[in-house]
Amino acid sequence: MIYEMRIYRCVPGRLPALLKRFETATLKIWEKHGIKQAGFFTTLIGESNQELTYFLAWESLADREKKWGAFMTDPDWMKARAESEADGQIVGNIVSQILTPTAFSSVK
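Going by my numbering, the residue at position 7 of the sequence shown is 90; the numbering climbs one at a time, nothing skipped.
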C-alpha cells in the first residue's frame, strides 16, 4: 500500500466551496472509480487556514494511475468542477506527495 498526501491551498475565502465540492460531489465520483480516501484535514494551526490536506490509499502506482486517470476524465467530475468554480477559481495551488510507510509505521 502507498499513500498520497495532497494539500490544496485555496484562493482566499474559497475553502468552504472546496469542502462543499468534496462533500457533495467528489467523494461520490471517487467511490465510482474505487478511490479510497484515508483522511481529510483542515489546518487549525499552521501557515494558512485556507488549506485542505487529505490522504489517498493506493495499492500501487499503477493502481493510482488507472483510477486517478479515470476520475480526471470522468464527465461527472468535469461538470461538478465547472459548476463549483462558476463563482471563480477555488484552488490556487496543489502539492502532492506519494508516500510509502516505514517498517515501524502504524499505517501499512
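The C-beta atom is built at its ideal place from N, Cα and C for all residues, glycine as well.
Same chain only: Cβ atoms within 7 Å of residue i, ignoring 5 sequence neighbours per side
i	result
Ala121	Tyr86, Phe138, Leu139, Ala140
Arg97	Ile173
Best match in the options for proximity to residue i [C-alpha to C-alpha]
i	options	result
Thr156	Lys103, Pro95, Val94, Lys115	Lys115
Gln133	Pro158, Pro95, Gln180	Pro95
Thr107	Glu148, Asp146, Arg164	Arg164
Contact under 8 Å by Cβ, residue i with residue j
i	j	result
Ile173	Leu101	yes
Ser207	Arg104	Past the boundaries of the shown model lies residue 207; the chain is included only from 84 to 191, so the question cannot be answered.
Arg92	Gly171	no
Ile112	Asp159	yes
Close beta carbons around residue i, own chain, < 6 Å, minus the five adjacent residues each side
i	result
Thr136	Ile90, Phe124
Lys162	none
Val178	Ile90
Lys150	His116, Gly117, Ile118
Beta-carbon separation (whole angstroms), residue i vs residue j, contact threshold 8 Å
i	j	result
Met84	Glu142	7 Å
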